[in-house]
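These notes concern the structure reproduced below.
Protein chains: 2
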Amino acid sequence: MQNNYNLLRQHFEEIVSLTDDEWDFVKSHFEYKSLKKHQFLIQVGQPVAFEYWIINGLVKAYSIDEKGKEHILQFAMENYWVSDHCAFQHQEPGTIFVDCLEDSEFFCLSLENREKMCFEVPAVANFFRIKSNHGYINLQQRILSLLTMTAESRYEYLLNKLPKLIQRVPKKLIASYLGVSRETLSRFNS
Amino acid sequence: MQNNYNLLRQHFEEIVSLTDDEWDFVKSHFEYKSLKKHQFLIQVGQPVAFEYWIINGLVKAYSIDEKGKEHILQFAMENYWVSDHCAFQHQEPGTIFVDCLEDSEFFCLSLENREKMCFEVPAVANFFRIKSNHGYINLQQRILSLLTMTAESRYEYLLNKLPKLIQRVPKKLIASYLGVSRETLSRFNS
DNA sequence: TTTAAAAAGTGATTTAGGTCACTCTTAGCT
DNA sequence: AGCTAAGAGTGACCTAAATCACTTTTTAAA
Chain R
479 MQNNYNLLRQ
489 HFEEIVSLTD
499 DEWDFVKSHF
509 EYKSLKKHQF
519 LIQVGQPVAF
529 EYWIINGLVK
539 AYSIDEKGKE
549 HILQFAMENY
559 WVSDHCAFQH
569 QEPGTIFVDC
579 LEDSEFFCLS
589 LENREKMCFE
599 VPAVANFFRI
609 KSNHGYINLQ
619 QRILSLLTMT
629 AESRYEYLLN
639 KLPKLIQRVP
649 KKLIASYLGV
659 SRETLSRFNS
Chain E
479 MQNNYNLLRQ
489 HFEEIVSLTD
499 DEWDFVKSHF
509 EYKSLKKHQF
519 LIQVGQPVAF
529 EYWIINGLVK
539 AYSIDEKGKE
549 HILQFAMENY
559 WVSDHCAFQH
569 QEPGTIFVDC
579 LEDSEFFCLS
589 LENREKMCFE
599 VPAVANFFRI
609 KSNHGYINLQ
619 QRILSLLTMT
629 AESRYEYLLN
639 KLPKLIQRVP
649 KKLIASYLGV
659 SRETLSRFNS
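Heads up: the protein sequence lines correspond to chains R and E, in order. Read in our numbering, the first sequence has 597 at position 119, and its numbers run on one by one without any break. Read in our numbering, the second sequence has 655 at position 177, and its numbers run on one by one without any break.
Dropping the structure here:
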């Protein structure tokens, strides 16, 4: 477990510097959680008490439409943050599902703890600011890819950008992430 | 102009509190800029020196694909921030265009000034952290809408969410924002 | 190690939305 | 006021991708 905390500290220190005292303070605001494949981290209608930093494992965040079809908002693995950010931020019931594609371990951060850290340790505020900014930039690029590219070139782009992910995730989920049917995806590439 | 600065201060103070001294410090990091309709704020290939807070007016941020078709990433008006965030963050040449749909006024913030403020005034770091987080949440919802909704329901959704915007923007640009052709949009709604 | 379930491939058919071509309308100019 | 250009509507046709139905392959679990 100490090793897991070291990983988290490294994750912070890639972006900002923390003194040992600051780190001890930060560390004390996280809880550990472990889930098996197929277990839920977040469910529609349930409280979203935390955002999660993934120590190891792989999850998918998705919503289900009226026809029961799954639409994948995000895959998240080691070193990624995941939550229903909207519900979390407003402390409202979940609007999406997040479940494990592999056995996974997490550090959990409550809204209260996050805000406390951000207002007591400026480096933490800057850490989350910069992380959030990077996330924003990524989502903008995904939107542009949805607007400007064909499904096939989005697939090729993803193959290049996250080859490791493709290996770990069934193609039908990739299809759902790209906004294309699994049959159509299966006819690409070859 | 003093009034414009007051608007910006209000914008900050909706999220965080600033002392008068802090505000004077913050204020000194912004430059004023004014553009007429059709003028460019950002162009592909040009340096992106600033992010812009819009005092008044309306701009569109868009990219142009190989076929010359315009894809709108964002509309931004009074009280919104706009930039080519990706190029700005990495201090690289612009990858999108931003131009004015109406005469507009801006406060301009350089990366250096933003980072300086964020590391000297924790409230400013928290301001941008929270803003960025809201932006992230909005983009996630836009992605979900692109994945789960038909073009027609995206249009209805936008009509509800930003009715004022629709009035100020030609329908063909709305179409481009929604990822649908102007002919198809014109056949909706009735 | 066999059995069930999940994943993946593939043909046939349908459909939402794109494209093209043209008309009508509205908004800025000078 | 009159002219040009941008915006918007609409019919005809086309196409990328969805859907449906079924088979084959792979994975996991009893």
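For glycine and all other residues, C-beta sits at the position ideal for the given N, C-alpha and C.
Within the DSSP secondary-structure output, Leu536(E) pairs in a beta bridge with Met555(E). Rounded to whole angstroms, the gap between the alpha carbons of Gln619(E) and Gly613(R) is 14 Å. Straight across, the Cα-Cα distance linking Ala629(R) with Trp501(R) is about 44 Å.
Taking a contact as a CB-CB distance under 8 Å, the pair Gln552(E) and Ala565(E) does not count as one, their CB atoms being some 14 Å apart.
Nearest neighbour of Ile621(R) by Cα position, chosen from Ile550(E), Asn484(E), Ser582(E), turns out to be Ile550(E). Contact with chain E is found for Ala603(R), since one of that chain's Cβ atoms lies less than 8 Å from the residue's Cβ.
Ile608(E) carries a helical assignment under DSSP once its states are collapsed to helix, strand and coil. When DSSP states are grouped into helix, strand and coil, Leu663(E) belongs to the helix group.
Per DSSP, the continuous beta strand (DSSP E) segment holding Lys511(E) begins and ends at 508-513. Here Glu529(R) is buried: its Cβ has 16 or more other Cβ atoms, across all protein chains shown, within 10 Å. Within chain R, the residues Leu622, Leu625, Thr626 have their CB atoms less than 9 Å from the CB of Ser541(E), given in chain order.
In the DSSP secondary-structure assignment, Asp577(R) is bridged to Phe518(R), Lys538(R).
Flagged as an interface residue toward chain E: Leu617(R), by a C-beta distance shorter than 8 Å. Identification of residues in the stretch 573-590 of chain R having a C-beta nearer than 7 Å to some C-beta of chain E yields an empty set. DSSP places Ile644(R) within a helical segment (H, G or I) once states are collapsed to three.
At the C-beta level, Leu579(R) and Val522(R) stay beyond 8 Å of one another.
Ranked by Cα distance from His563(R), the first of Lys505(E), Asn616(E), Glu634(E), Leu496(E) is Asn616(E). Ser541, Asp543, His549, Leu551: these are the residues of the stretch 540-559 of chain E whose beta carbon lies less than 7 Å from some beta carbon of chain R, given in chain order. Within the stretch 616-640 of chain R, complete alpha helix (DSSP H) segments of at least 4 residues are found at 629-639, given in chain order. Counting only the Cα atoms, Val658(R) lies some 28 Å from Lys514(R). Secondary structure at Leu486(E): helix, using DSSP grouped into helix, strand and coil. For Lys609(R), the closest of Val560(R), Val576(R), Ile652(R), Gly572(R) by C-alpha to C-alpha distance is Val560(R). Under the 8 Å Cβ criterion, the stretch 583-591 of chain E does not count as touching the stretch 576-595 of chain R, having fewer than three qualifying pairs.
Excluding sequence positions up to five before and after Leu637(E), its CB lies within less than 7 Å of the CB of Ile644, all in the same chain and listed in chain order.
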